[in-house]
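Note that the protein sequences, when read in sequence, are chains A and B. Residue 363 is where the first sequence ends in the numbering used here, and the numbering goes up by one at each step. Residue 363 is where the second sequence ends in the numbering used here, and the numbering goes up by one at each step. No residue lacks a Cβ here, since even glycine has one placed at the ideal position from N, Cα and C. Every value quoted in this text rests on a predicted model; they were computed, and no experiment measured them.
Protein chains: 2
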Amino acid sequence: MAVSEAGNGRGVTLDAVARVAGVSRATVSRVVNGNPKVGEEAKRQVERAIERLGYIPNPAARSLVTRRSDSIGVVIPEPPGMLFGDPFFPRLLRGISTELAARNYQLVLLMPQSPEEEPRVERYLAAGHVDGALLVSLHGEDAMPAALAARGIPVVVGGRPPGGEGVSYVDVDNVGGAKAAVAHLIRAGRRTIATIGGPPDMSAGTDRLEGYRQGLAAGGLALDAALEAAADFTQEGGAEAMRRILAARPDVDGVFAASDLMAAGALQVLRAAGRRVPEDVSIVGFDDSSIAATAEPPLTSIRQPIEEMGREMVRLLLEQASRPGSVPRKVILATQLVRRRSSEGGPKR
Amino acid sequence: MAVSEAGNGRGVTLDAVARVAGVSRATVSRVVNGNPKVGEEAKRQVERAIERLGYIPNPAARSLVTRRSDSIGVVIPEPPGMLFGDPFFPRLLRGISTELAARNYQLVLLMPQSPEEEPRVERYLAAGHVDGALLVSLHGEDAMPAALAARGIPVVVGGRPPGGEGVSYVDVDNVGGAKAAVAHLIRAGRRTIATIGGPPDMSAGTDRLEGYRQGLAAGGLALDAALEAAADFTQEGGAEAMRRILAARPDVDGVFAASDLMAAGALQVLRAAGRRVPEDVSIVGFDDSSIAATAEPPLTSIRQPIEEMGREMVRLLLEQASRPGSVPRKVILATQLVRRRSSEGGPKR
DNA sequence: ACAGATCGTGAGAGCGCTCTCACGCCAACG
DNA sequence: CGTTGGCGTGAGAGCGCTCTCACGATCTGT
């Protein structure tokens, strides 16, 4: 009964509702938009008419005059390695979606699959389809944040943009997390601690490397370039990096990998090389993804509040959108060490 | 130089372009929309003006008159277990996104986080924000497909809708895949083959169970309810199911799990119970997700063409949207057995 | 040479909504 | 009693675009 006659809503206009309710379009509009300056009686009539006709406002018409779309764009370029096997994006999207839903905003997902597609995405965002944009997972000197900002589109970036500041962003405490991981390894009695870093053109890579170095320094251990190997966040990359480290420093007894996937790759290589984990070598990963719990042995890892990151990005964006010209802001979320078997054992502390 | 003066595009209207180009609005509109009935000279002038002003059409205004939005909605309700640790959604989204991008459509992602939010989503879709909707991963008798169809919104479902037919859908060959998995186990010499099924209210669950049964029948093996345990696609659920099976049938020598995650859980339980994999028990999973390759031993699994599924869903949807009232169609995509160590060994064949 | 077809172009009518402004009403004020 | 001031309401002007229709110019056939 709620939904009714004329194919419910398709084609029912404000005007039709006004006629049925015996009021003017303006009054119906007020009721629909919750404007308080409407009489009791008129309001009742309008509500009944809306119900009866199954009226749903035409978003295009509304958007045309309000110049808002009540939706935001989420841009996720495709770093193929990261997307798979890592529930990072689903979780981030969930956080974003939750916060948006609570504010009655919609989410337009844009996945440029190659740099060539970026202009298309940029154009789309610039067209006013969305009230703002969330950019995630930028490589190198991505020009998009700046380009969008120049066009006056509110932007918030997920993860510290490598290209420098000048734009709002939300990030997890990569440095602190990595540092905590290393401290944990040192506490476990490890003294020859290697790291498998992420790509040098992503801040998640460089920041975790920085944290690793700070961790060593804090523990009074010396740096050694032979103990640092960069990879691409993938399992295969992690395995490859582990091989290099093992070749250069066979005496390695601790490994901090900047992602669980890479840690898993390292695990396989270590095992193949006859090293026992955690007896001979302790490993700590990053992300606390499902693979960490699944691996054998389960991986100690650094948990990052991904959903919260998504939510915070939305808050920042909408705040910024509502107050144009506000100064860029950054939010850093704390990480947390999750202990599992891969870092147990080891020598006495 | 490309982008220019007035803050590039924001606020530049068709009319402004027309004035600069010295033609009428209609002509500019024709050029923008690729209408061939435009003279060479006029076209050149218009293109130059567009370039100079950085004109981008206002999507709301366009949508208001064309009654199309050039975007489609993708509804992903949140079955928390499946979302994590399983790159299913990212891959599906990627397939969808690829196909949409090729046709210049946009993707609006809707993630109702609870059944209470579904009306909101339905309302949104019904408002004409999108030209059609893709629904994924339905549990039980989800009313949404029917409700949307009733409102005249083109719908395509991903995975056979449990509630029956009457709506277009794309699915992978779950029955065939499961059957192939069982056949593979039989070929490996296994004779006491259990299955860890998915939720009975999801077609991916029931269809794979059906395939398992067909596989046993085809191999001349008898069914045994004690060899069938349902779970929820999660690792923990898989572990739990494995324990039940082990308790009832300690002689089990083959396991077909309806997801890799559950297979991984089973693996841990088997190992904890002193069973060697694959020497004592062979395991085959489903999905061929990253965890399959990561597990120790790596899991034989059934690969499903997830990206292709996404693409096909889009094709079906747009076809349906362009030809209203067309009859619902279903598309079933083939699966493929991927052999890994978890099903090697075993007794002589 | 003229009728008719063809082609490029412009004028103008909306699409469905929001929002400003003005108006009529009635209570309260001096 | 006339005036001021809310308050609820309606009229109407757009928002920027598409698309139909009509019109003048050029082309074709006889």
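DSSP lists A:I346 as the beta-bridge partner residues of A:D185. The three-state secondary structure of A:I167, taken from DSSP, is coil. Excluding five sequence positions before and after A:T314, the CB atoms of its chain that fall closer than 6 Å to its own CB belong to V298, R353, R354, S356 and S357, given in chain order. Listed as beta-bridge partners of B:I86 by DSSP are B:L121.
With contacts defined as CB atoms closer than 7 Å, A:S296 and A:A192 fail to qualify as a contacting pair. Proximity of B:L199 to chain A, defined by a Cβ-Cβ separation below 7 Å, is not satisfied.
The residue from A:M158, A:Y119, A:I64 and A:A140 with its alpha-carbon nearest to that of A:E130 is A:M158. Within the region 224-281 of chain A, the runs of alpha helix (DSSP H) at least 4 residues long that lie entirely inside it are, in chain order, 249-262. Cβ atoms of B:S151 and B:I70 stay farther apart than 8 Å, at about 36 Å. Just measuring C-alpha positions, the residue of A:Q318, A:Q282 and A:V144 sitting nearest B:S85 is A:V144.
Sequence-distant Cβ neighbours of A:V26 in its own chain, meaning closer than 7 Å and more than five residues away, are A20, L67, G68 and Y69. Its Cα nearest to that of B:I316, the residue B:A306 stands out among B:A306, B:L124, B:E310 and B:V283.
Under the three-state reduction of DSSP, B:R108 is assigned to helix. The beta carbon of A:A194 sits closer than 6 Å to the beta carbons of L351 from its chain, once the five residues preceding and following it are set aside; these are given in chain order.
Nearest C-alpha to A:A261 among A:A287, A:R137, A:H198 and A:Q282: A:A287.
Under the three-state reduction of DSSP output, A:T209 falls in the strand class.
When only Cα atoms are considered, A:P133 and A:M125 end up about 12 Å apart. The closest CA to that of B:Y138, considering only B:R329, B:L223 and B:R165, is found on B:R165.
Contact of A:I70 with chain B is assigned, a C-beta pair being separated by under 7 Å. Within the same chain, A306, R354, R355 and S356 come within 7 Å of A:P312 by CB-CB distance, once the 5 residues on both sides are set aside. Listed in chain order, the non-local C-beta contacts of B:A140 below 8 Å within the same chain comprise L162, R165 and I167, local neighbours out to five positions each way being set aside. Look at the region 326-352 of chain A: it has no residue with a C-beta under 8 Å from a C-beta of chain B. Within 10 angstroms of the beta-carbon of B:G219 lie 16 or more other beta-carbons, which makes it buried.
Counting only runs of 3 or more residues that sit fully inside the region 290-317 of chain A, the beta strand (DSSP E) segments are 296-298 and 315-317, in chain order.
Scanning its chain for C-beta atoms nearer than 6 Å, with the 5 sequence neighbours on each side dropped, one finds around A:G212 the residues A218, G219, F247 and A272, in chain order. By the neighbour-count criterion, in which 16 or more other beta carbons inside 10 Å mark a residue as buried, B:R117 falls on the exposed side. Within its own chain, the residues whose Cβ lies closer than 6 Å to the Cβ of B:D221, once the five positions on either side in sequence are excluded, are N188 and V189, listed in chain order. Residues of the region 288-309 of chain B with a Cβ closer than 9 Å to any Cβ of chain A, in chain order: S303, S304, I305, A307, T308 and A309. Contact between B:A239 and B:M256 is absent: CB atoms are separated by about 16 Å, not below the 8 Å threshold.
The criterion of a C-beta distance shorter than 7 Å is satisfied by B:V31 and B:I64. Under DSSP, the beta-bridge partners assigned to A:V352 are A:S315. Annotated as proximal: A:V122 and A:G87, with beta-carbon spacing under 7 Å.
Residues of the region 127-140 of chain A that bring their beta carbon within less than 8 Å of a beta carbon in chain B comprise Q127, E131, R134, R137, Y138 and A140, in sequence order. From the listed residues A:V328, A:S111, A:Y183 and A:A208, the smallest Cα separation to A:L235 is found for A:A208. Just so you know, the alpha carbons of B:S83 and A:R258 end up roughly 53 Å apart. A:H143 has a beta carbon lying within less than 7 Å of a beta carbon in chain B.
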